[in-house]
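Engineer: This structure is in structure tokens; I'll ask about it shortly.
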Amino acid sequence: MANQEELFRKIISHAKEYGFIFQSSEIYDGLSAVYDYGQYGVELKNNIREYWWKNMVQFNENIVGLDAAIFMHPTVWKASSHVDAFSDPMLDNKDSRKRYRADVLVEDYIAKIEDKINKEVEKARKRFGETFDEKMYLETNPRVVEYKTKITEIKARFFPALDRNDLAEVKKVIEDLEIACPVSGTRNWTDVRQFNLMFATQMGSLSEDASQIYLRPETAQGIFVNFLNVMKTGRMKVPFGIAQTGKAFRNEIVARQFIFRMREFEQMEMQFFIKPGEEMKWYEHWKEKRMEWHLSLGIPASRYRYHDHDKLAHYANAACDIEFEFPFGFKELEGIHSRTDFDLNAHQQYSGKKLQYFDPETNESYVPYVVETSIGLDRTFLAILSFAYTEEKLDDGSERVVLKIPPRIAPVKVAVLPLVKKDGLPEKAREIFDILKTDFYCQYDEKDAIGRRYRRQDAIGTPYCVTIDNITLEDYTVTIRERDSMKQERVDIDALHQLVSEKVRKNLME
RNA sequence: GCGGGAGUAGCUCAGUGGUAGAGCAUCAGCUUCCCAAGCUGAGGGUCGUGGGUUCGAGCCCCAUUUUCCGCUCCA
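Per the numbering used here, the first sequence starts with residue 18, numbered consecutively.
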């Protein structure tokens, strides 16, 4: 385990040192759990996204793409139940580590005062016997009046504060009332926080008439709200899918493990709309298909596993994860969920629009069921990076660090290297570079010894190095070096483009 | 969120109160016809940030921030 932690640290260092991932706003001390992709990171990320997209959209006639906006009507999140699920103001007692809802604490406190009033009434009833006038007593007894006034004051102060989301005032009320934790008995409270994972912002530039909207916490809802549009304009017939990639935002309470859990992250999702009753068939289908996609990247199957959910979310009737063995253990990479008709039904209710499919065979309309595949792009990036990072001891005793990224998704495809920086080799190399660069992301490098340049390319995972030497000038051939084996072969320059194309464009699913 | 550790060059780190360093990396040359650590030279740091103690702080104290580990939470 210590070795694995060590390895993970090395991967993080490597990712920074070679321009894959930087911490956000680093020169300002960074921003917690937010990361930027550097010059090679963005290439790898784009390539993974494109590889997913082609396999989902281009290779499946009944799946189409979508790019819904991050901003959506606030009611979308009411319908999806994201707003209400977890949005109470909460605070923790630092000593007992118990978490309470602020309104519950205050209401309990008010209940205690009411209790005291009742006790006074009971005492008085015993004392005055038959002649006791409860109504009169409640209005005139100084102690009772004091209690009642206090309750009124608390209510007048606390509930408006709750309504206008003034969390500082909410906390101040609790402090002023000297409310203690029932468990620890102390008044050592954290600040009151709104425990909602959604990032809120406002639309409209003047704050007075701006309305609160959210940055989407998942991309799926953008698909559901466009279900009707896509189905009608695309003449889609069930079963069909809508795929989308894009950013999503969650206020994670604990965000850790590098880019594994970030506050801003990217999802690649596909919602597959099906006839009710067929959900298990399609659930199994996508469960299998998605695993095939992962394995096509060439990472050993032993590093993946399914994890079936026992406890299901409110919207699902079957769910599993595809987990990957990261250096910090098996963790979720992708989720496959049978979401029933929960989302479309909810949107149908809230919007008042009929979100149904007319089946011409049965002459009936129904709300389709949905099977979702939802994969984290950043997590896939991390999975590939942690698989690819390799430290090797070579036969001559030296060491090298190489990223064994599948050529199809490697950031730089080809490095073009003149063996030495003279004798016309740089000029020749430039010619070859120009031939390749229109179709492949290439690098030209003439600095330092050839071996050092190979190692530099190994470190960023470039699968092929083309080297120009004296023989090139004579017979128009170059050597091409393969990253993992370090083997070289001599090929005609004329054949180079075709050769590279075969190697880096190969569809891995075949 | 709680507790503990850490933050010095792009990376890994040394520096126990008295003039900020090393290796690797980077850049400019030289050398080199195939796998880094040959040669010469150069650039790069308000020591995470802000306060304090002191004649003097990278070092001591406080706060803050980032990060790591453990616990907790995760609709």
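In this text, a Cβ means the ideal position worked out from N, Cα and C, and glycines have one as well.
Treat the numbers as computed from the prediction; the structure is a model and nothing was measured.
Put S415 into one of helix, strand or coil per three-state DSSP.
Structural biologist: Correct three-state label for S415: coil.
Engineer: Can you tell which of E444, K421, F175 has the C-alpha that lies nearest to the C-alpha of S502?
Structural biologist: With distances taken between Cα atoms, S502 lies closest to K421.
Engineer: Which term fits N64, buried or exposed, when burial requires 16 or more other beta carbons within 10 angstroms of its beta carbon?
Structural biologist: Buried.
Engineer: If you draw a straight line from the alpha carbon of K219 to that of E235, how long is it in whole angstroms?
Structural biologist: Strictly speaking, residue 219 in this sequence is Gln, with Lys absent from that position. Rounded to whole angstroms, Q219 to E235 spans 18 Å at the Cα level.
Engineer: Just to confirm my understanding: we take F275, look at its own chain, exclude 5 residues before and 5 after, and list those with CB closer than 6 Å. What are they?
Structural biologist: Only I29 meet the Cβ criterion.
Engineer: Between the alpha carbons of E491 and L442, how many angstroms are there, rounded?
Structural biologist: The straight-line gap from Cα to Cα measures roughly 12 Å.
Engineer: Specify the secondary structure class of L61 as computed by DSSP and reduced to three states.
Structural biologist: In the structure shown, L61 sits in a helix (DSSP, three-state: H, G or I).
Engineer: Since Y45 is in the alpha helix (DSSP H), which residue starts that stretch and which ends it?
Structural biologist: Here Y45 belongs to no alpha helix (DSSP H), and DSSP marks it neither H nor E.
Engineer: Does DSSP put Q366 in a helix, in a strand, or in coil?
Structural biologist: Three-state DSSP puts Q366 in a helix.
Engineer: Rounded to the nearest angstrom, what separates Y52 and D208 at their Cα positions?
Structural biologist: Cα to Cα, Y52 sits roughly 27 Å from D208.
Engineer: In terms of DSSP beta bridges, what is G258 paired with?
Structural biologist: For G258, which the question treats as bridged, DSSP gives the partners I80, F289.
Engineer: Take K445 and list the residues in its own chain whose beta-carbon comes closer than 8 Å to its own, dropping the five residues that flank it on each side.
Structural biologist: Around K445: P435, I485, T489, L490.
Engineer: Going straight from the alpha carbon of E22 to that of K172, what length do you get?
Structural biologist: In a straight line, the C-alpha of E22 is about 52 Å away from that of K172.
Engineer: Kindly indicate which three-state DSSP category Y471 falls into: helix, strand or coil?
Structural biologist: Looking at Y471 - three-state DSSP - the assignment turns out to be helix.
Engineer: Would you tell me roughly how many angstroms separate the C-alpha atoms of S391 and S319, rounded to the nearest one?
Structural biologist: Spanning the two alpha carbons is a distance of roughly 21 Å.
Engineer: Quick one: is the Cβ of D462 within less than 6 Å of any heavy atom of the ligand NAD?
Structural biologist: The ligand content of the structure shown is nil, which means the ligand NAD is not present either.
Engineer: Can you check the stretch 420–473 for any beta strand (DSSP E) of at least 3 residues that lies completely inside it and give the ranges in chain order?
Structural biologist: 431–435, 459–461, all fully within the stretch 420–473.
Engineer: Quick one: give me the first and last residue of the beta strand (DSSP E) that R356 is part of.
Structural biologist: Run containing R356: 346–357, per the beta strand (DSSP E) assignment.
Engineer: So the candidates are C482, A217, A466, G468; which of them puts its Cα closest to the Cα of F457?
Structural biologist: F457 has its Cα closest to that of C482, out of C482, A217, A466, G468.
Engineer: With a CB to CB cut of under 6 Å and the five nearest residues on each side skipped, what residues in its chain are close to Y35?
Structural biologist: Contacts found: A476, I477.
Engineer: Can you tell me whether DSSP reads M18 as helix, strand or coil?
Structural biologist: No answer about M18 holds up, because its pLDDT of 45 lies below 50 and its placement is not dependable.
Engineer: Given 8 Å as the limit, is there contact between the stretch 258–267 and the stretch 279–298, that is, 3 or more CB pairs closer than that?
Structural biologist: With a cut-off of 8 Å, the stretch 279–298 and the stretch 258–267 count as touching, because enough Cβ pairs lie within range.
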